[in-house]
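Those protein sequence lines, which keep their order, are chains A and B. Everything in the first sequence is counted per my numbering, starting at 3 for the first residue and increasing by one. Everything in the second sequence is counted per my numbering, starting at 3 for the first residue and increasing by one. Written out below as structure tokens is the structure these notes cover.
2 protein chains.
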Amino acid sequence: MQSPICAMLGIEFPLLAFSHCRDVVVAVSKAGGMGVFGAASLPPERLEEELAWIDEHIGGRPYGVDLIVPNSFAGKGEVQREAPSIPAEHKAFIAGLLERHGVDGSDLSLPGAVRSSLGDNMSDDGAARLLEVAFRHPIGLIANALGVPPPLMLELGKRHNVPVAALVGTRDHALAQVRAGVDILVVAGGEAGGHCGEVATMVLVPEVAAAVEAVGANTPILAAGGIVTGRQMAAAMAMGAHGAWTGSVWLTTAEAETNPVVKQKMLAASSRDTVRSKSRTGKPSRQLRSPWTDAWEAEGAPRPLPMPLQSLVSEPALRKVDKLSEGGHEGAKALATYWVGQGVGLMNDAMGAGQVVQDFKTDWIAACERLNGFIGD
Amino acid sequence: MQSPICAMLGIEFPLLAFSHCRDVVVAVSKAGGMGVFGAASLPPERLEEELAWIDEHIGGRPYGVDLIVPNSFAGKGEVQREAPSIPAEHKAFIAGLLERHGVDGSDLSLPGAVRSSLGDNMSDDGAARLLEVAFRHPIGLIANALGVPPPLMLELGKRHNVPVAALVGTRDHALAQVRAGVDILVVAGGEAGGHCGEVATMVLVPEVAAAVEAVGANTPILAAGGIVTGRQMAAAMAMGAHGAWTGSVWLTTAEAETNPVVKQKMLAASSRDTVRSKSRTGKPSRQLRSPWTDAWEAEGAPRPLPMPLQSLVSEPALRKVDKLSEGGHEGAKALATYWVGQGVGLMNDAMGAGQVVQDFKTDWIAACERLNGFIGD
Chain A
3 MQSPICAMLG IEFPLLAFSH CRDVVVAVSK AGGMGVFGAA SLPPERLEEE LAWIDEHIGG
63 RPYGVDLIVP NSFAGKGEVQ REAPSIPAEH KAFIAGLLER HGVDGSDLSL PGAVRSSLGD
123 NMSDDGAARL LEVAFRHPIG LIANALGVPP PLMLELGKRH NVPVAALVGT RDHALAQVRA
183 GVDILVVAGG EAGGHCGEVA TMVLVPEVAA AVEAVGANTP ILAAGGIVTG RQMAAAMAMG
243 AHGAWTGSVW LTTAEAETNP VVKQKMLAAS SRDTVRSKSR TGKPSRQLRS PWTDAWEAEG
303 APRPLPMPLQ SLVSEPALRK VDKLSEGGHE GAKALATYWV GQGVGLMNDA MGAGQVVQDF
363 KTDWIAACER LNGFIGD
Chain B
3 MQSPICAMLG IEFPLLAFSH CRDVVVAVSK AGGMGVFGAA SLPPERLEEE LAWIDEHIGG
63 RPYGVDLIVP NSFAGKGEVQ REAPSIPAEH KAFIAGLLER HGVDGSDLSL PGAVRSSLGD
123 NMSDDGAARL LEVAFRHPIG LIANALGVPP PLMLELGKRH NVPVAALVGT RDHALAQVRA
183 GVDILVVAGG EAGGHCGEVA TMVLVPEVAA AVEAVGANTP ILAAGGIVTG RQMAAAMAMG
243 AHGAWTGSVW LTTAEAETNP VVKQKMLAAS SRDTVRSKSR TGKPSRQLRS PWTDAWEAEG
303 APRPLPMPLQ SLVSEPALRK VDKLSEGGHE GAKALATYWV GQGVGLMNDA MGAGQVVQDF
363 KTDWIAACER LNGFIGD
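Pasting the structure below:
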């Protein structure tokens, strides 16, 4: 395909697949797109293992790595030195919520037992260690999922000739990224799974494309947010994007390590079954609705803590919920949730990741032909 | 253009323009699209006047009429008999909000002085009177902006051979409309101005298109929500729509009777300057953010009343704000707001409504060519 994204990344089809699952990364890259391994919550030694496995299986196809290095967070650089303090209100709220669903939360020590790799990685030191691991491998892209990438990431990208991508949810953030020198903008609408802004993809993509052009830049744009089909990818490209960045659609593939209970919920969900909430990480992120998210959204619920503290509250509990739900525990099955975008309403069939890429291509072409068909003689 | 919408409505370009301003309706229809006159809040005698004026000026081009006849509302059929009761809390809140901005609200009688035509029109009797007026004119489309059209609207449409359109914000509502027999679905994403759902256009359009096809129907779809340019219209059509339904983009045209203060705010706004709030009508509607909307969204604000009562609270105050703001009153200028979608971020130049139609056409073609350009040899 004739897209600057294809030229820049050395890929055939400008479809990027964010996934925490190495098998998805490999399958997508082998099918002509590019898998991007989500490493934000991994300790460096696990990242090393995962990338070594990918190198071994991907047959030389390009792949990327995605990190979360925000510009500001509670306890920046101090996460390891001092245990953050979780208010008693939050502990009691979670204990009550779990108990109402028959889940014993007494063994969850908050935050003692659970080392927060995400918290560590979001400190300057932690991010540097992850970057060091990533650049030891033949990566073809490095992405930052929250805010302007730190200078170190941009420097390493330049030095290793690896394009740097950054996620943005507003026009002004996009322009800040262009000024900072990122190579690719991932423009994510509010319908996206995970961290997201409020402006919809349909508006944000043309708004950012126009703003980038207006400042005389030519930074290519990957559209994100709600995109789970080739027709949506084509739509975004008609509006000014040069490709698509996707996440949710891979969660229900055969290769994904998604909790099977959540996978089934996703396949059954409509586009209305998600909620944008601060309850998982402390920043607004879109996730599957469940009694867990409903409880956090209800009146009287505690206010989510700032990032990364809220993850220390929610993740241990949700990990326990996942584990129990896989064993058939009814209360845990009800509570189980995961990040996913509104596109979940279009994800109705489980299939292999390579097949998803093929379907995107076919659907892209069909959408283009459909559009051409409107033009009369 | 080869679209079932063009064939059904007898128009050249499947762009529908919802407007409360008859001049916009005429200009759009004359330019090859279709103007749809928003009559929800007009008394029948005013609708008669407006449609007579349109008939006189539109040169035989087709136009439509849009009403709001919800399936359920507070005081249905009784609005005229009994004055609805506005809680003292709401009156005091508005009085305080106006006072803080130097606006004297003592002459606003709530709801006595202001007859609510919207409330009247939303009763069965009121709707029947408006429909009678509308069908006395050579209208080419009748649309219902909220819920399944009442049987009377569908019957009159059939009898007069006038297609009936209905706005929907979810897949399930779309299927209910198809079952009820509407001729055109207006599929509106959560980025739309005015009443809107939560699912974004980028997801809702393909979701509804697939659902309609799955039940073996071929009801054509107009995409709505955030669409203010031809490239977005093309994008929606690549995803399964057969045309676009627009509203916001006409508010800043030369013909629009929008408060000039609000018009300037819209031209300056980014896509982040809107809010989806129940504070204007009692149902979620998207509008320009201002200290007025901020106050209603703030903690401790009274809960908006059910439709149509909240309009009886908000409209008299906002009408006064509009009037004072046009005279240069600083507090009123700050408060002034109106319904608009996130597409406001792409509305940066005031121009004539006919020119907007031409720009849509040019931009549609450019987007189509852009998409074709991605296909390599």
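All C-beta atoms in this analysis are idealised placements derived from N, C-alpha and C, irrespective of residue type, glycine included.
Under the 7 Å criterion on CB atoms, C198/B is classed as non-interfacial with respect to chain A. Within the model, the alpha-carbon separation for V210/A versus R173/A is close to 5 Å. Annotation for H59/B: V28 place their beta carbon closer than 7 Å to its own, counting only its chain and skipping 5 residues before and after. Not a single CB atom of chain A sits nearer than 7 Å to the CB of L11/B. DSSP places I144/A inside the beta strand (DSSP E), whose first and last residues are 143–146.
Between the C-alpha atoms of R131/B and V71/B there is a straight-line separation of about 12 Å.
Contact between the segment 340–355 of chain A and the segment 23–38 of chain A is present, with at least three C-beta pairs closer than 8 Å. With contacts defined by Cβ atoms closer than 7 Å, A147/B and A167/B do not form a contacting pair. Taking 7 Å as the cut-off, the beta carbon of L49/A is found no closer than this to the beta carbon of G35/A.
Sequence-distant partners of L337/B (beyond 5 residues in either direction) whose C-beta falls short of 6 Å from its own C-beta, in its chain, are H103, S292, P293, W294, V323.
In this structure, V189/B keeps its C-beta atom at 7 Å or more from the C-beta atom of I141/B. In the DSSP annotation of this structure, the continuous segment of the beta strand (DSSP E) that includes A167/B starts and ends at 166–170.
Here DSSP, grouped into helix, strand and coil, assigns H103/A to coil.
Taking all protein chains in view, the Cβ of E91/B is surrounded by fewer than 16 other Cβ atoms within 10 Å, so the residue is classified as exposed. The C-beta distance from H197/B to K285/B rounds to 6 Å, short enough to fall under 8 Å.
Here the alpha carbon of V170/A sits roughly 7 Å from the alpha carbon of L187/A.
A residue is called buried when at least 16 other Cβ atoms come within 10 angstroms of its Cβ; P306/B meets this threshold and is buried. By the C-beta criterion, the segment 265–282 of chain B is judged not to be in contact with the segment 265–284 of chain A, since fewer than 3 inter-stretch pairs fall below 8 Å.
Those residues of the segment 261–287 of chain A placed with their C-beta closer than 8 Å to a C-beta in chain B are S272, S273, R274, ordered along the chain.
Between P208/B and chain A, the shortest Cβ-Cβ separation is below 7 Å. By the C-beta density criterion, D185/A is buried, having at least 16 other C-beta atoms within 10 angstroms. Annotation: H244/B to G227/B spans about 14 Å, alpha carbon to alpha carbon.
Note on geometry: alpha-carbon atoms of C8/A and W298/A lie some 42 Å from one another. Under the three-state reduction of DSSP, G40/A is assigned to strand. Proximity of chain A to F362/B at the Cβ level (cut-off 7 Å) is not reached, the minimal Cβ distance being about 13 Å. For the pair D275/A and V230/A, the Cα-to-Cα distance works out to about 16 Å. In this structure R233/B is buried. Its beta-carbon is surrounded by 16 or more other beta-carbon atoms within 10 angstroms. Separation of G191/B and V207/B (C-alpha to C-alpha, rounded to the nearest whole angstrom) is 8 Å.
Spanning the alpha carbons of T248/B and L69/A requires a straight line of approximately 39 Å.
At the C-beta level, A236/A and A216/B stay beyond 7 Å of one another.
Spatial neighbours of E259/B in its own chain (CB-CB distance under 6 Å, excluding positions within 5 residues in sequence) are listed in chain order as C23. No Cβ of chain A is located within less than 7 Å of the beta carbon of Q179/B. G195/A places its beta carbon less than 7 Å from that of W341/A. Cα atoms of G345/A and R288/A: separation of roughly 11 Å, rounded to the nearest angstrom. For the C-beta of E193/A, the chain B residues within less than 7 Å are, from N- to C-terminus, A202, M204, V205. For S5/B, the C-beta contacts it makes with chain A under 8 Å involve F376, in order along the chain.
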